[in-house]
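Since the structure comes first, as structure tokens, the remarks are kept for the end.
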Amino acid sequence: MKTDESFFNTDDDDLEIKDPFKTRKILSLIACIICQILVGSISIWGNIQVYVCSFLRLSQLDLEVDDVFIISPTQTFMISIGNIIGTKMLQRFHPRTIVGGLGMGMIFFLPTYVGWKCFPMNKAVVTSVIMCFGGIGTISSALIALMIINPDDRFPDIISLKDDIKYNYYHEDVADNVPIMLRYFALAEFILMILASFFIWMPPYLLDKADEISMPWNVEQSNNEKLKAALKSKSFILSYSMMFTAVLYFQYITIIFKPFGESVGHDDQFLTFVSSIGMIFNCVSRLTGGIILERMNFKKFFGLILVSSVILSFTYVLVARFHHSFALYLAITYFIQGSVQVSMPIYYARIFGPEIGSQAYSYFLTSNSISTLLFSFVVSNFSGALGYSGLLQFTGTSAIVSFILLVFLPNDPIEYKKDCLLDQSSLELGPVLMESYGDFAHASILIRKETLLKRMSTIRKQLTKISREFSNDNYIQMHKKTKSIKREAFGDY
57 MKTDESFFNT
67 DDDDLEIKDP
77 FKTRKILSLI
87 ACIICQILVG
97 SISIWGNIQV
107 YVCSFLRLSQ
117 LDLEVDDVFI
127 ISPTQTFMIS
137 IGNIIGTKML
147 QRFHPRTIVG
157 GLGMGMIFFL
167 PTYVGWKCFP
177 MNKAVVTSVI
187 MCFGGIGTIS
197 SALIALMIIN
207 PDDRFPDIIS
217 LKDDIKYNYY
227 HEDVADNVPI
237 MLRYFALAEF
247 ILMILASFFI
257 WMPPYLLDKA
267 DEISMPWNVE
277 QSNNEKLKAA
287 LKSKSFILSY
297 SMMFTAVLYF
307 QYITIIFKPF
317 GESVGHDDQF
327 LTFVSSIGMI
337 FNCVSRLTGG
347 IILERMNFKK
357 FFGLILVSSV
367 ILSFTYVLVA
377 RFHHSFALYL
387 AITYFIQGSV
397 QVSMPIYYAR
407 IFGPEIGSQA
417 YSYFLTSNSI
427 STLLFSFVVS
437 NFSGALGYSG
447 LLQFTGTSAI
457 VSFILLVFLP
467 NDPIEYKKDC
477 LLDQSSLELG
487 PVLMESYGDF
497 AHASILIRKE
507 TLLKRMSTIR
517 KQLTKISREF
527 SNDNYIQMHK
537 KTKSIKREAF
547 GDY
């Protein structure tokens, strides 16, 4: 087969190659955005839990908001389990197969993964754009849900007291709209999922190797071995522990902001408005977070997030009764939430690479769900004794612990030398863009010097042995009859 010499030409002019897959990549990115909107639509529990609880109270009058608090952590936990399954399936099946899967958890990381595959050199920006539309999905879903359930913007007129906490609920004329809202959402998600399945696509070449410029992967090792090494690494263990204690503040506030706001005198219309503003901040943080991380160290960025969480958690109760300060604190809280959601996938892509990073991240997400699930038991059993102030101080203390763990978190790409038996010095790394018979492809050429060095060493040893044999007169006499010289050392070299 004829070799294309332009493949080895690295001049700048030759690297400017038109990508014939550009349109398909853009359409695939749009499909990823649709999927992320679907994922964002499930994050509206904080906005609708009062309505859902009001509906459930029609058949169980002693039910309170803190009793249904566990629904959101349970939802997060099930999503993380589905995400692990979905990420594993991505290694075996086309994304279109998974989009039509059994649950949202299976497509939770799919948009980001496919985006990385289509645009491997712009992982941070692609992650930000996709995550931003997840926030847009949350905002639009929350507003649509409220328009369906409470179109007349009625105020809750049922008051329930539990210890020192006051809860407000709606009558059945509003609460009965909850099942109708769920039916509309199910239909809309079905239509959007079909639309996304038409356009989602991944390049036919292995971009996980093309964009891993500075990481010494051993291509002869299986991904399972690399994943095991990643899950045992210091980077994974510390980041898992850090996230376990970092998420409590914003998870708690974004779930209970409505009953919390109502307890200090704010009405439902105001709380709905400020939550919409907060979710806009969430979108902005997702969009800007990746851009900032292109220029800023991850540990500094995440450190600012944790410091903000500590300050807000210890001072929120002091300013909550004022409209402007309540709105500002809630907006910053949503900004923190979006920043965390966009920064950790980028961190995992940089530390472990997109292929292994996507799988390791699916396990990492369980830290969020397990932490919130355990915290829900604290809320259910001690909310009356601790109150909002005590629970917020608890979340602030956990953020301090997370900051301490962040100090020791590695920020350098993991090297698999120990597990993959590959030394970084034995590679020449770099992506090469090639054009072969009109088709565009990305290639990552790893020139293994190891094999060549072994051959050179073998030749050197054989030559040394032969020279010694020739220098030995007795040995030469043994071959006088045949006049032969051993040449097998030069076999195929």
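So for the sequence shown, the numbering used here puts the first residue at 57; every next one is plus one. Glycine included, C-beta positions come from ideal geometry on N, C-alpha and C.
Distance between F431 and F316, taken at the CA atoms: about 17 Å. Q92 and I98 have their alpha carbons spaced roughly 10 Å apart. Apart from the 5 residues on each side of it in sequence, S439 sits with its Cβ closer than 6 Å to the Cβ of D122 in its chain, given in chain order. Distances from the CA of S341 to each of S319, L384, R351, I392 were compared; the closest alpha carbon is that of I392. S216 has Y223 as its beta-bridge partners, per DSSP.
Between S365 and A455, the CB-CB gap stays under 7 Å.
For the pair of segments examined, the segment 183-199 was found to touch the segment 339-353: the number of CB pairs separated by less than 8 Å reaches three.
When DSSP assignments are scanned along the segment 173-257, the uninterrupted stretches of beta strand (DSSP E) that are 3 or more residues long and fall wholly within it turn out to be 214-218, 221-225. Non-local C-beta neighbours of Q397 in its own chain, meaning closer than 7 Å and more than five positions away in sequence, comprise M187, R342, ordered along the chain.
Unbroken beta strand (DSSP E) runs of no fewer than 3 residues, entirely contained in the segment 307-336, are not found. When secondary structure is reduced to three states using DSSP, E411 falls in the helix class. A302 sits in a helix when the DSSP states are folded into three classes. Non-local C-beta neighbours of F211 in its own chain, meaning closer than 7 Å and more than five positions away in sequence, comprise D323, D324, ordered along the chain. Counted as a single uninterrupted DSSP element, the stretch harbouring D468 is not any alpha helix (DSSP H), since DSSP gives it neither H nor E. When V170, M335, L238 are compared, the shortest CA-CA separation from P260 is found for V170. For the options G161, G409, E120, the alpha carbon positioned closest to that of S291 is the one of G409.
Taking a C-beta distance under 7 Å as the contact criterion, I154 and M160 do not qualify as a contact pair. Where A87 is concerned, the enclosing alpha helix (DSSP H) starts and stops at 78-96. Apart from the 5 residues on each side of it in sequence, V234 sits with its Cβ closer than 7 Å to the Cβ of Y107, V108, F111, I205 in its chain, given in chain order. For N103, the secondary structure class from DSSP, reduced to helix, strand or coil, is helix.
Closest option to A286, judged by alpha-carbon separation, among E411, Y226, R113: E411.
Taking the Cβ atoms as the reference, G452 lies roughly 17 Å from I311, outside the contact range of under 8 Å.
The beta carbon of F357 is closer than 7 Å to those of I348, L349, S399 in its chain, skipping five residues each way along the sequence.
Between S253 and R152, the C-beta spacing is below 7 Å. Unbroken alpha helix (DSSP H) stretches of 4 residues or longer found wholly inside the segment 353-424: 354-375, 379-408, 410-420, given in chain order. Within the model, the alpha-carbon separation for T301 versus L421 is close to 13 Å.
The beta-carbon separation of F306 and L386, rounded to 10 Å, does not stay under the 8 Å limit for a contact. The C-beta distance from G346 to T183 rounds to 5 Å, short enough to meet the 8 Å contact threshold. Contact between L462 and L362 is confirmed by a C-beta separation of about 6 Å, below the 8 Å threshold.
In this structure M177 is exposed. Its beta-carbon is surrounded by fewer than 16 other beta-carbon atoms within 10 angstroms.
Distances from the CA of F255 to each of C88, K355, D229 were compared; the closest alpha carbon is that of C88. Leaving aside the five residues that flank H227 on each side, none in its chain has a CB nearer than 6 Å to its CB.
DSSP places P260 outside any alpha helix (DSSP H), giving it a letter other than H or E. For L294, the secondary structure class from DSSP, reduced to helix, strand or coil, is helix.
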